[in-house]
Every structure is written in structure tokens, then in C-alpha cells.
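Each remark here refers to the structure printed beneath this line.
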Amino acid sequence: MNDDQLLRYSRHILLPQIGIEGQDAIVNARVLVVGAGGLGSPAAMYLAAAGVGTLVLADGDTVDLTNLQRQILHSQEGVGRLKVESGRDTLARLNPEVKVVPLACRLEGEALEEEVGLADVVLDCSDNFVTRHAINRACVARGKPLVSGAAIRFDGQVSVFDLRQAESPCYHCLFPEGEDVEEIRCAVMGVFAPLTGIVGAVQAAEALKLLADCGEPLVGRLLLLDALAMDWRTIRLGRDPSCQVCAQR
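In this note's numbering, the protein residues as written are 483 to 731.
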């Protein structure tokens with residue numbers, strides 16, 4: 483790191499759990515953020531502010547007026563623009579040192595596998611189970627840690643799935659694909675604006691801990707938030723020995 487970087491990231495460097503080595507790992511990292519909406523907005527902003535060297539932002543959607551209530555990566559001027567382009571400009575103003583790679587598409591198939599393979603950490607900030615399961619399969623196949631978040635109404639959840647650790651389940655262990663799981667969308671049920679900020683910030687925190695190799699990530703634990711009561715709970719998760727996705731790894 484140069485002198486400007488040492489000054490910019492000095493408050494991280496002062497933390498003995500991160501220090502020079504941890505911050506250097508963050509600066510040289512590549513992180514994939516799937517979704518530039520309510521969760522991806524705060525997650526990407528904190529990752530950029532913390533100095534992640536390369537941020538890959540994937541989202542095929544455009545900014546809508548209804549997004550602005552919670553998607554803080556975007557502004558009134560961005561309505562109608564691609565979210566990844568609006569997000570790239572916001573992150574450039576926040577920290578011009580960060581290289582932002584905008585992918586204006588829904589990542590799937592070989593393209594998803596390739597991007598996951600290039601990343602050090604993957605953040606699932608999407609809003610549907612099809613995408614979540616596809617990301618999980620790619621992370622399991624490529625052996626990459628996955629930070630998963632969700633937020634709807636007043637309820638949020640975060641977990642880390644990292645099969646580099648023997649005890650870690652994958653997302654499929656928790657929510658098996660193909661089961662009758664109700665898909666709930668913000669457009670129908672609503673979402674409390676600060677909730678997405680809280681959950682997205684926790685996702686960023688978990689990603690930075692993984693990059694800097696510090697603390698205890700949320701592996702094998704599901705963090706639940708009831709924002710209406712401001713009540714946090716933690717549920718222990720076990721690996722499913724018969725999981726169709728991760729059992730054979």
C-alpha cells in the first residue's frame with residue numbers, strides 16, 4: 483500500500499485483528515456482489531469504502547422510483563439507468579481507488595461459474611430462490627465462501643456458507659431446492675428501509691472478516707433479525723449429510 487492508502491485505511495490498520503496484512507488482503511481482493519438493490523447497495527458501499535480492490539457488481543435491472551426508498555446506491559438522477567452503471571458511479575465517488583466491474587445481466591450458467599471462480603468472496607444480495615441456489619451451486623463447485631442475506635417486511639437474515647470449513651453447511655442444506663418454499667417479493671409485501679441497510683452492512687462485515695482472516699464468521703449459524711422488535715437471534719445450522727449439492731465434496 484502507498485502512503486495515501488495507509489492514511490485512508492488507518493482505522494482498519496489500527497485494529498490488531500486486521501492490521502497491515504489484513505488490510506493488504508482486502509486491497510488485493512476481488513469480491514462478487516450479485517444484486518445491486520436493497521442489500522447490494524450498503525454491502526457494496528462498505529466494501530468499497532473499506533478498500534476492496536475489485537468489486538464485481540452484477541444486476542440486469544434498471545433503477546425505478548420505488549427503489550429509492552431503500553437502495554441507497556442510487557439517486558433520483560439514476561432513475562431509468564442500469565443499476566450497475568448507477569452503482570459504479572456512486573462507488574467511484576466514494577472511493578476512486580476501487581475498480582468496479584459492472585455486469586448488466588442476470589448471471590447464470592458458465593458466466594456465473596466463471597465469476598465465482600475469479601472471486602475471493604461472493605455476496606448473494608439477490609431476491610429470488612432460483613438465483614440463490616444457482617449461486618450456491620457455483621460456490622460449492624468452486625470452493626468459494628458465500629455470504630448470504632435476505633430482507634423482507636421487518637425480517638432479516640444473514641449466514642456464511644464456506645465449505646473450506648468441514649462443518650459448514652451450504653445454502654441448499656438450509657433451504658433445499660425444489661421444496662414448496664413461498665417466494666415473497668418486496669413489491670407485494672413491502673420492506674422496512676433501514677432493514678436492508680442493516681442486513682447489507684452485516685454481509686459486508688462478514689465478507690471483510692473472511693478477506694482479512696479475522697474473527698469468527700457466521701459459518702454454521704443463521705443470524706435472524708426482527709427489526710420491529712429489534713430482536714436478534716442466532717440459530718445453529720448443521721450440514722446435511724445427504725445434501726444433493728455439497729454432500730459429495
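Beta carbons: idealized from backbone N, C-alpha and C, even for Gly.
Remember, it's a predicted structure, so these values are computed and weren't measured experimentally.
Next item on the list: Identify the continuous alpha helix (DSSP H) that holds Val538 and give its terminal residues.
Entry: Counting along the chain, Val538 falls outside any alpha helix (DSSP H), though it belongs to the beta strand (DSSP E) covering Thr536 to Ala540.
Check: Going by C-alpha distance, which of Asn510, Val673 and Ala593 is nearest Ala532?
Finding: The candidate whose alpha carbon is nearest that of Ala532 is Asn510.
Checklist line | Counted within 10 angstroms of its Cβ, other Cβ atoms place Met712 as buried (16 or more) or exposed | finding: Exposed, by the Cβ-count rule.
Next item on the list: Report the rounded CA-to-CA distance for Val670 versus Asp722, giving the unit in angstroms.
Entry: The straight-line gap from Cα to Cα measures roughly 32 Å.
Item checked: Alpha-carbon to alpha-carbon, Arg624 and Leu555 -> Rounded to the nearest angstrom, the two C-alpha atoms are 29 Å apart.
Check: So does the segment 649 to 662 actually touch the segment 505 to 525, counting three or more Cβ pairs closer than 8 Å?
Finding: Taking 8 Å as the limit for Cβ pairs, the verdict is that the segment 505 to 525 does not touch the segment 649 to 662.
Item checked: C-alpha gap between Ala709 and Ala648, whole angstroms -> Separation of Ala709 and Ala648 (C-alpha to C-alpha, rounded to the nearest whole angstrom) is 32 Å.
Item checked: Status (buried if at least 16 other CB within 10 Å, exposed otherwise) for Gly520 -> Label assigned to Gly520: buried.
Margin query: What would DSSP say about Asp713, mapped onto helix, strand or coil?
Written below: Strand.
Item checked: 8 Å contact criterion, which Ala633 and Val681 should meet: CB distance rounded -> Rounded, the Cβ-Cβ distance is 5 Å, consistent with contact.
Next item on the list: Please determine, among Pro658, Gln639 and Val622, the residue with the shortest C-alpha to C-alpha distance to Arg646.
Entry: For the residues Pro658, Gln639 and Val622, the minimum Cα distance to Arg646 belongs to Val622.
Margin query: With H, G and I counted as helix, E and B as strand and the rest as coil, what does DSSP make of Ala623?
Written below: Correct three-state label for Ala623: helix.
Next item on the list: Look at the Cβ atom of Leu719, then the Cβ atom of Leu656, and state whether they are nearer than 8 Å.
Entry: A contact, by the Cβ cut-off of 8 Å.
Margin query: Tell me which residue opens and which closes the beta strand (DSSP E) that Ile634 is part of.
Written below: For Ile634, the enclosing beta strand (DSSP E) starts and ends at Leu628 to Ile634.
Notebook entry, point to check: So, are the CB atoms of Leu569 and Ala601 less than 8 Å apart?
Noted result: The amino acid occupying residue 569 in the given sequence is Gly; Leu does not appear at that position. No, these two residues do not count as a Cβ contact at 8 Å.
Check: Relative to the C-alpha of Phe643, which residue among Asn618, Pro676 and Pro658 is closest?
Finding: For Phe643, the closest alpha carbon among the candidates Asn618, Pro676 and Pro658 is that of Asn618.
Item checked: Val582 beta carbon less than 8 Å from that of Leu628 -> Contact flag unset, no.
Note to self: Using C-beta distances below 7 Å, list every residue in its chain close to Ala689, excluding the 5 sequence neighbours before and after it, in chain order.
What the structure shows: So the list reads Val513, Leu529, Val603, Leu605 and Val629, once near-sequence residues are dropped.
Item checked: Own chain residues within Cβ distance below 6 Å of Gly560, not counting five before or after -> Cβ within range, chain order: Val545 and Ser568.
Notebook entry, point to check: Where does Gln499 sit, in a helix, a strand or coil, going by DSSP?
Noted result: Note: Gln499 maps to coil in three-state DSSP.
Check: Can the beta-carbon of Leu537 be found closer than 8 Å to that of Leu573?
Finding: Yes, the pair counts as a contact, with Cβ atoms nearer than the cut-off.
Note to self: Quick check: what's the CA-CA separation for Gly638 versus Val612?
What the structure shows: The straight-line gap from Cα to Cα measures roughly 19 Å.
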